[in-house]
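Asks: For the sequence shown, counting from 1, position 39 maps to 39 in the numbering used here; every step adds exactly one.
Every residue, glycine too, gets a C-beta built ideally from N, C-alpha and C.
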Amino acid sequence: MRPGGQPNLQQLMKQAQKMQQQIADAQAELAEAEVTGTAGGGLVTVTLNGTGEVEAIKIDPKAVDPEDVETLEDLVLAALRNGTEAVRALTEEKMGPVSGGMGGLGLPGF
Numbered sequence: 001m002r003p004g005g006q007p008n009l010q011q012l013m014k015q016a017q018k019m020q021q022q023i024a025d026a027q028a029e030l031a032e033a034e035v036t037g038t039a040g041g042g043l044v045t046v047t048l049n050g051t052g053e054v055e056a057i058k059i060d061p062k063a064v065d066p067e068d069v070e071t072l073e074d075l076v077l078a079a080l081r082n083g084t085e086a087v088r089a090l091t092e093e094k095m096g097p098v099s100g101g102m103g104g105l106g107l108p109g110f
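Pasting the structure below:
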């Protein structure tokens, strides 16, 4: 702060630019990341990218029972939820340190 309680605008701008770069770097890392979700002890595996888009689904033939399609559906859903949770945790890990620092700028809502 400058005399009179006024924030140094140039310093705030530098901090904002640095944070923008950190956010862009974290987003790039997330886009490159790959996480997996599993269910049924590995009978169903879902691969997602760091932004949460499903890239692949693998189903072990042992999970396929024409008489019990509901169990397979449940396993796929559970694997997707597990993978989505992994994406959320990764996002928090990568973006948390960056977005957590925004409060230091005195910006409302951060």
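Which one or two residues does DSSP pair with ILE57 in a beta bridge?
Replies: VAL46
Asks: Helix, strand or coil for ALA31 per DSSP?
Replies: Helix.
Asks: Since LEU80 and VAL35 should fall inside the 8 Å C-beta cutoff, what is the C-beta to C-beta distance between them, to a whole number of angstroms?
Replies: Rounded, the Cβ-Cβ distance is 12 Å, inconsistent with contact.
Asks: Consult DSSP for THR51 and reduce its assignment to one of helix, strand or coil.
Replies: coil
Asks: Between MET95 and ALA26, is the Cβ-Cβ spacing less than 8 Å?
Replies: yes
Asks: Where does GLY83 land, buried or exposed, given buried means 16+ other C-beta within 10 angstroms?
Replies: buried
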